[in-house]
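Order-wise, the sequence lines are chains A and B.
Counting in numbering that gives the first Met the number 0, the first sequence runs from 0 upward without gaps.
Counting in numbering that gives the first Met the number 0, the second sequence runs from 0 upward without gaps.
Ideal Cβ positions, reconstructed from N, Cα and C, are used throughout, including at glycine.
Written below as structure tokens is the structure these notes are about.
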Amino acid sequence: MKKRIFSRKDLLAIKGLHEDDLTLILDTAESFKEISRRPIKKVPTLRGQTIINLFYEPSTRTRSSFEIAAKRLSADAINISASTSSVVKGETLLDTVKNLQAMAPDIIVIRHACVGAPHLIAARVDARVVNAGDGANEHPSQALLDLLTIREHKKNFAGLKVAIIGDIAHSRVARSNMHALPLLGAEVRVCSPPTMLPLRMDAFPGVRTCASPEEALEGVDVVMMLRIQLERQDRTLFPSVNEYARCYGLNVRRLALAKKDAIVMHPGPMNRGVEISSAVADGKHSVILDQVENGVAVRMAILYLLGGIAE
Amino acid sequence: MENSKLILDESGMAMVLSRMAYEILERNNAHGDLVLVGIRTRGVFLAQRLQALLKQIAGLDVPLGILDITLYRDDLSHGTHHPVLEKTDISFSLDDKIVILVDDVLYTGRTVRAAMDGLMDFGRPRAIQLLVLVDRGHRELPIMPDYVGKHVPSSPQHKVKVRMREEDEHDSVTVSYATQG
């Protein structure tokens with residue numbers, strides 16, 4: 000039997016990973032879920048390891064999820080957010096990272112507005128690097144927790160139909176999922192206003208672009224709604240929030256086009272009444288809180304697998 | 000070359016397990032507080048068989064838990080790929096229970112040390128008793144079994160192999176001496 004190991008130094012993107020890598024992370028995460036249900040939610044596995052969460056963009060879910068994951072593995076977790084660090088004094092990313100490196104962390108988890116920032120630092124530090132979101136590029140741990148949630152509800156990926164609806168162009172969650180899902184055998188359809196579609200959809204083989212949400216939702220097993228980034232609304236990508244909600248928002252009527260047992264996902268934070276109606280977000284198809292629970296397990300798995308890799 | 004000696008065959012293993020089931024009953028008065036926890040992989044199969052025996056002999060329904068000790072190992076470090084983690088499944092509290100911890104081979108004692116650390120995260124048992132199918136000696140930690148299927152004096156060069164039909168083709172315990180080359 001082939002020995003299953005995760006042999007990469009860093010987790011920077013889904014793109015470039017093999018199916019086996021994804022399955023190993025998901026299997027490991029599944030085993031980790033049980034720890035969060037124990038009376039004592041902590042194991043000694045990463046005792047003595049230091050994990051730095053370096054967040055240059057705001058985050059509640061991802062940052063706290065990585066922090067909880069690190070702590071449940073007994074690692075020491077330190078959180079640095081750009082707004083309260085030397086970044087506001089003008090320090091460059093590389094200088095910040097070199098200074099952190101001098102304190103000998105084992106793993107650096109980084110979120111940055113610039114595409115490729117995690118790759119840049121991964122090439123320059125001994126610590127293993129986890130991408131927690133780089134610009135509009137990738138958000139691998141989110142895609143992995145989405146995969147785990149889908150697998151729990153649908154058992155396997157082969158032949159599964161998944162619709163991703165919303166601001167595809169600016170969504171790193173969508174990008175990571177558009178790499179991951181076809182790799183596992185799922186059929187992916189995307190739908191968004193034309194102004195929010197990536198220029199090069201041919202970079203995602205196995206992903207079909209649909210003209211309307213109705214076309215995308217027809218008979219799907221999984222619906223992934225993306226957050227409309229209202230802070231980008233000054234760029235007039237769509238006429239109005241109300242019109243977006245009417246044309247692309249997921250409501251009970253649209254959801255009825257999907258399979259009866261379809262699941263609805265959202266990476267959060269949600270704009271209720273915009274991309275998703277409250278009736279759907281809180282309805283029986285919604286697995287949004289499962290995603291959050293799985294986030295901790297997936298991040299424990301990532302830290303565990305990277306934690307054994309030599310510098 | 001490998002020289003293999005059969006220590007226990009199918010009926011030998013069955014006999015040993017049934018004797019240990021009686022020993023568990025004899026030693027513990029509070030039968031209602033007994034729980035079995037098997038250490039992955041073969042400790043789980045042994046615990047399942049003991050569970051069936053305790054039901055058959057005394058009509059007891061003894062809860063069974065499964066423990067993967069990977070996260071508690073003392074040899075996890077940088078530079079070694081962390082082993083694949085399997086599921087732990089102990090769905091009941093261990094508070095005030097008498098835990099029969101079950102493994103196939105007792106050797107250095109490090110696995111049992113890790114398992115005991117793991118058990119403590121599920122509550123505070125009244126007692127933990129260790130049951131092993133084979134004790135081959137060479138302890139590196141101060142750990143003593145409470146129930147032993149078979150003592151197998153061995154040297155560190157020996158390989159003790161437990162096979163169980165749940166995963167292998169048959170039940171057996173063999174000792175082999177692997178020579179270099």
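Cβ shell of residue i (< 6 angstroms), same chain only, five flanking positions each side left out
i	result
I138(A)	A quick correction: the sequence has His, not Ile, at residue 138(A). G132, R171, V172, S175, listed in sequence order.
I89(B)	G64, F121
P62(B)	V34, F91
D67(B)	R39, E85, T87
L45(A)	L72, S73, A74, G306
A296(A)	A28, F31, K32
S276(A)	N250
Exposed unless 16 or more other CB atoms sit within 10 angstroms - verdict on residue i
i	result
M0(B)	Bear in mind that the predicted position of M0(B) carries a pLDDT of just 48, short of 50, making it unreliable; the figure below should be weighed with that in mind. Flag for M0(B) reads exposed.
G294(A)	buried
A29(B)	exposed
S239(A)	exposed
D166(A)	buried
N155(A)	exposed
H284(A)	buried
V251(A)	exposed
S211(A)	exposed
R26(B)	exposed
C246(A)	exposed
P155(B)	exposed
G136(B)	exposed
I120(A)	buried
Q55(B)	exposed
S191(A)	buried
S64(A)	buried
D60(B)	exposed
Proximal residues of chain B, C-beta to C-beta of residue i below 7 angstroms
i	result
G306(A)	H81
I4(A)	H80
Y55(A)	In chain order: nothing, as chain B lies at least about 27 angstroms away.
Beta bridge counterpart(s) of residue i as assigned by DSSP
i	result
Q228(A)	Per DSSP, none; premise fails for Q228(A).
Q47(B)	In DSSP, Q47(B) forms no bridge with anything.
F54(A)	S80(A), R110(A)
I135(A)	This sequence places Ala at residue 135(A); Ile is not what is there. Note: A135(A) sits in no beta bridge, so no partner.
E186(A)	K160(A)
T40(B)	None, per the DSSP bridge assignment.
N270(A)	BP columns for N270(A) are empty, so no partner.
V98(B)	V34(B), I127(B)
N2(B)	Y176(B)
S30(A)	Answer by DSSP bridge pairing: none, since S30(A) is not bridged.
Closer than 9 angstroms at the beta carbon, the chain A residues around residue i
i	result
D120(B)	I34, R37, P38, I39, K40, K41, V42
D88(B)	E33
Y71(B)	V42, P43, T44
7 angstroms Cβ shell around residue i - same chain, five flanking residues per side excluded
i	result
Y243(A)	I227, F237, V273
A179(A)	I13, L21, A142, L146
L10(A)	V129, N130, P139, I301, L305
L7(B)	V15, K149, S171, V172
E66(A)	N52, A76, N78
D145(B)	Q128, L129, L130
Close Cβ partners of residue i (< 8 angstroms) along its chain, the five nearest in sequence each way excluded
i	result
L5(B)	S171, V172, T173
G180(B)	With a pLDDT of 43 at G180(B), under the threshold of 50, the modelled position of that residue is not reliable, and the figure given next carries that caveat. Result list for G180(B): empty, nothing under 8 angstroms.
K40(A)	I34, R71
R125(B)	D32, D95, K96, I97
T59(A)	P268
V42(A)	I34, R71, L72, S73
A280(A)	V263, H265, M269, R271, I287
R253(A)	P212, E213, L216
E168(B)	R162
L196(A)	I167, A168, V189, T208
Neighbour list for residue i in chain B, Cβ cutoff strictly below 8 angstroms
i	result
F31(A)	L84
T148(A)	Under the 8 angstroms cutoff, chain B gives no residues; its nearest Cβ is about 18 angstroms from T148(A).
T27(A)	V83, L84
Y243(A)	Going along chain B, no residue has its Cβ under 8 angstroms from Y243(A), so there is no contact; the nearest lies around 43 angstroms.
Cross-chain neighbours of residue i in chain A, by beta carbon under 7 angstroms
i	result
L75(B)	T44, G307
Residue i: contacting residues in chain A (beta-carbon distance under 8 angstroms)
i	result
L66(B)	Correct list: empty, because the minimum Cβ distance to chain A is about 11 angstroms.
Interface partners of residue i on chain B, CB under 9 angstroms
i	result
Y247(A)	What Y247(A) touches in chain B: nothing, since even the nearest Cβ is about 40 angstroms away.
Discussion item. Does the contact criterion of 3 or more C-beta pairs under 8 angstroms hold for the segment 99-111 of chain B versus the segment 32-43 of chain B?
Written reply: yes
Worksheet entry | Given 8 angstroms, three or more beta-carbon pairs between the segment 14-29 of chain B and the segment 90-108 of chain A | no
Practice prompt. Taking 8 angstroms as the threshold, find out whether the segment 31-40 of chain A comes into contact with the segment 110-120 of chain A through three or more Cβ pairs.
Written response: no
Fill in: the segment 153-168 of chain A touching the segment 84-91 of chain A, judged by at least three CB pairs closer than 8 angstroms
no
Discussion item. Measuring CB atoms only, is the segment 78-86 of chain A touching the segment 47-63 of chain A, in the sense that at least three cross pairs come out at less than 8 angstroms?
Written reply: yes
Discussion item. Measuring CB atoms only, is the segment 256-266 of chain A touching the segment 211-221 of chain A, in the sense that at least three cross pairs come out at less than 8 angstroms?
Written reply: yes
Worksheet entry | Cβ contact check for the segment 68-75 of chain B and the segment 105-116 of chain B: 3 or more pairs under 8 angstroms | yes
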